[in-house]
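Visitor: First the structure, which I've put down as structure tokens, then a few questions once you've had a look.
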């Protein structure tokens, strides 16, 4: 197996249409990248049935580890910890803990994934809390936004720590030397915002950072792409992300309604089909699938529960980038020196 | 002047392209509603020059009050209070304080408008803080969301108070007997969110409310229209609103780019023009222009600084609805009994 750079542990049972979409996602990934080895956790018979559909998945590039149970979305985190030790999610995380895999991806219960990862993989020394980061498209490319919901209470230290961690994430994915980092706020003036945010602003402004601190950013400017890393507390970040998702869905649905509610509309749609395909491709949210748990001793990736195989494929691509970019090592170097 | 139901005070000097857009907005409004009288505050010569362009504005339906100074967007709230006493904004608010107008609209400095309104018009007895509410389109119509930025810190009492106030706002605009009210949160389960929010949830659940309490709502479900009133703290609310605005702008721009970057695209666009016009009309954000300051002894409406005449016209329409719906009286009745 010397041709493999990295091993990814995959919880094949979480989310909708699993393990079908998971295996299809792996197959799509293997079409373009053969240097990752997979450890696949879940019901062996179901997984083998899916793997048999694809020529490019075999015992040469994956190993199936049978797990009879799985953590459901409806399970509380407490229950998940209590009764989940034999589940596909737990076993996959354990594999990373034991250094037999470099990263884990799951489409399952977010809360359980976060808590079990913290329990087994543990926080990097010096990092206070884990954060969930996500990719956010903008006019110039993609930025990363964190925290998207791991922590609803934030203090000054969290903002400063997550600025460092977020900058390393951006660096490892996009290979940019000096990422530009901003704090999400409700105004661009220094006097706006609550005390924790304002004191984080002052600290980041005074610090010699290994990124470019760009001050505050407002929600309507994330799209501009003038900032690479956007830091916010988990409450506001989660609300911003979900509101943006809802807005995309609202607009898409209203536009579709107008093009499908008359014969003329349907003709226009067919006539413009190549353009609609291009729009769909440009705005496709599946390309940004994958919540990245940061601050742990190994990367943990949460794929959206409702993600399809194409979206899952993108979360594997993201995982490979993160591994090749040396994310965890980069983050650690900030806290050894600091 | 017995044919007029209400008098609206207008600060004609705030925002971009004022007073031009303001006067044009008033003229558009008078095309369809002749029962409102206007007190227009600002530089008299500039205002008269604009009024002369329209046949339907005259001394019969408006009075101009000359104000030589104006509060600029760049002014701090402190400066605005100190030196702004002769400004168009201050004078217009004062008019409402003196009960010579029923409501004030301004496109100017939001912070100054809020603070001067609090100072002169004062809070309704029993209401702790003012809130800024806005209209939010959804699949079934329009909902109202508050707070959009007046208060960045929230306690349990604020959530409960704003639920009552928001329900009255919805009732006065949309004439619905039992509005459905939800708290914006990062999950729909009872255990999610911070302590203030959770205790507000418990209180609202236990209370006998004069609205239907629907529990928590997540950002991606605002669009569904299953809830009429969405309550959130001013920090998250402002971020949600601006992020939604940014997302609409991002999508619109990307779609335009694709239709305008080739000859084929331009032909498709021309061919489908009636549909694009319909889309533009359906998604037109100008129809939702107007931040409504709530909790004061008179309604104060903030029109977006960059709003055009059409958007300003909509904020006057909204103001007329609020006055006819008896908003302030409705809110007061909640706090007299409570």
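Chains as they are written, first to last, in our numbering: chain R, 1228 to 1565; chain W, 1228 to 1565. Idealized CB from N, CA, C, for every residue including glycine.
(1) Which one of W/1348, W/1341, W/1424 has the shortest CA to CA distance from residue 1380 of chain R?
(2) Any idea which residues DSSP pairs residue 1407 of chain W with across the strands?
(3) With a cut-off of 8 Å on the beta carbons, I'd call residue 1470 of chain R and residue 1446 of chain W a contact; round off their distance for me.
(4) Determine the burial state of residue 1297 of chain W: buried for a count of at least 16 other Cβ atoms within 10 Å of its Cβ, exposed for fewer.
(5) If you compare alpha carbons, which of W/1511, W/1242, W/1551, W/1523 is closest to residue 1316 of chain W?
(6) Rounded to whole angstroms, what's the CA-CA distance from residue 1515 of chain R to residue 1330 of chain R? Just pull it up for me.
(7) With contact counted as at least three CB pairs below 8 Å, one residue from each stretch, are the stretch 1245-1260 of chain R and the stretch 1531-1540 of chain R in contact?
(8) CB-CB under 7 Å to residue 1274 of chain R, same chain, minus the five flanking residues each way: which ones, in chain order?
(9) Is there contact here, the stretch 1415-1434 of chain W with the stretch 1353-1362 of chain W, by at least three beta-carbon pairs under 8 Å?
(10) When you compare the CB of residue 1463 of chain R with every CB in chain W, is at least one pair closer than 7 Å?
(11) Under 7 Å between C-beta atoms, does residue 1502 of chain W make it to chain R?
(12) Of the residues that make up the stretch 1530-1545 of chain R, which ones have a beta carbon closer than 8 Å to any beta carbon in chain W?
(13) What's the gap between the Cα of residue 1228 of chain R and the Cα of residue 1465 of chain W?
(14) Taking all protein chains shown into account, do 16 or more other C-beta atoms lie within 10 angstroms of the C-beta of residue 1455 of chain W, making it buried, or fewer, making it exposed?
(15) By the 10 Å Cβ neighbour count, where 16 or more other Cβ atoms means buried, how is residue 1520 of chain W classified, buried or exposed?
(16) What residues from chain W crowd round residue 1449 of chain R, counting only those whose CB sits closer than 8 Å?
(17) At a cut of 8 Å, does the stretch 1392-1400 of chain R reach the stretch 1340-1350 of chain R through at least three beta carbon pairs?
(18) Would a C-beta distance cut-off of 7 Å place residue 1546 of chain W and residue 1530 of chain W closer than the cut-off?
(19) Judging by CA-CA distance, which residue of R/1230, R/1265, R/1544, R/1407 is the nearest neighbour of residue 1452 of chain R?
(20) Which residue spans inside the stretch 1337-1420 of chain W form an unbroken beta strand (DSSP E) run of at least 3?
(21) Along chain C, which residues have their Cβ under 7 Å away from the Cβ of residue 1499 of chain W?
(22) Within 10 angstroms of its Cβ, does residue 1494 of chain W collect 16 or more other Cβ (buried), or is it exposed?
(23) Any beta carbon from chain W within less than 7 Å of residue 1515 of chain R's own beta carbon?
(24) Can the beta-carbon of residue 1323 of chain W be found closer than 7 Å to that of residue 1525 of chain W?
(25) Using CA atoms only, rank isn't needed, just tell me which of R/1405, R/1450, R/1491 is closest to residue 1439 of chain R.
(26) Could you give the residue range of the beta strand (DSSP E) that holds residue 1310 of chain W?
(27) Checking the sheet assignment: what are the DSSP bridge partners for residue 1527 of chain W?
(28) What first and last residue would you give for the alpha helix (DSSP H) that runs through residue 1547 of chain W?
(29) For a contact meaning CB atoms closer than 8 Å, what does residue 1477 of chain R contact in chain W?
(30) Report the partner residues of residue 1234 of chain R according to the DSSP bridge assignment.
(31) Residue 1397 of chain R and residue 1369 of chain R - do their beta-carbons sit closer together than 7 Å?
(32) Return the CA-CA distance between residue 1441 of chain W and residue 1461 of chain W, expressed in angstroms with no decimal places.
(33) Is the CB-CB distance between residue 1409 of chain R and residue 1457 of chain R below 7 Å?
(34) If you measure between the beta carbons of residue 1630 of chain W and residue 1399 of chain W, is that distance less than 7 Å?
(35) At what residues does the alpha helix (DSSP H) containing residue 1323 of chain W begin and finish?
(36) Note down, in chain order, every chain R residue with its Cβ under 9 Å from the Cβ of residue 1298 of chain W.
Guide: The relevant details are as follows:
(1) Distances from the alpha-carbon of residue 1380 of chain R to those of W/1348, W/1341, W/1424 put W/1424 closest.
(2) Per DSSP, W/1439.
(3) 4 Å
(4) The residue in question, residue 1297 of chain W, is buried, as its Cβ has 16 or more Cβ neighbours within 10 Å.
(5) W/1242
(6) Using only the alpha carbons, I get a separation of about 18 Å.
(7) The stretch 1531-1540 of chain R and the stretch 1245-1260 of chain R touch, with three or more beta-carbon pairs separated by less than 8 Å.
(8) The answer, listed in chain order, is 1239, 1246, 1250, 1267, 1291.
(9) Inter-segment contact for the stretch 1415-1434 of chain W and the stretch 1353-1362 of chain W is absent: fewer than three beta-carbon pairs are separated by less than 8 Å.
(10) So yes, residue 1463 of chain R belongs to the interface.
(11) yes
(12) none
(13) Because the pLDDT at residue 1228 of chain R is just 46, under 50, the model does not fix this residue reliably, and the value given afterwards should be weighed accordingly. Using only the alpha carbons, I get a separation of about 52 Å.
(14) With 16 or more other Cβ atoms within 10 Å, it is buried.
(15) With 16 or more Cβ atoms within 10 Å of its Cβ, residue 1520 of chain W is classed as buried.
(16) 1470, 1473
(17) In this structure the stretch 1392-1400 of chain R does not lie against the stretch 1340-1350 of chain R, because fewer than three pairs of beta carbons, one per stretch, are closer than 8 Å.
(18) no
(19) R/1407
(20) List check, beta strand (DSSP E) in window: 1358-1365, 1368-1373, 1407-1411.
(21) Chain labels in this structure do not include chain C; the protein chains are R and W.
(22) exposed
(23) So, not an interface residue.
(24) Their beta carbons are under 7 Å apart, which means residue 1323 of chain W touches residue 1525 of chain W by this criterion.
(25) Nearest C-alpha to residue 1439 of chain R: R/1405.
(26) Premise fails: residue 1310 of chain W lies in the alpha helix (DSSP H), 1304-1310, not in any beta strand (DSSP E).
(27) Looking at the DSSP output, residue 1527 of chain W bridges to W/1331, W/1520.
(28) DSSP places residue 1547 of chain W inside the alpha helix (DSSP H), whose first and last residues are 1536-1551.
(29) 1364, 1365, 1366, 1450
(30) R/1264
(31) Taking 7 Å as the Cβ cut-off, residue 1369 of chain R and residue 1397 of chain R do not qualify as a contacting pair.
(32) 20 Å
(33) For residue 1409 of chain R and residue 1457 of chain R, yes; Cβs fall inside 7 Å.
(34) Within the shown structure, residues of chain W are numbered from 1228 to 1565, placing residue 1630 of chain W beyond reach of any answer.
(35) 1315-1324
(36) Neighbours of residue 1298 of chain W on chain R: none; closest Cβ ~16 Å, over 9 Å.
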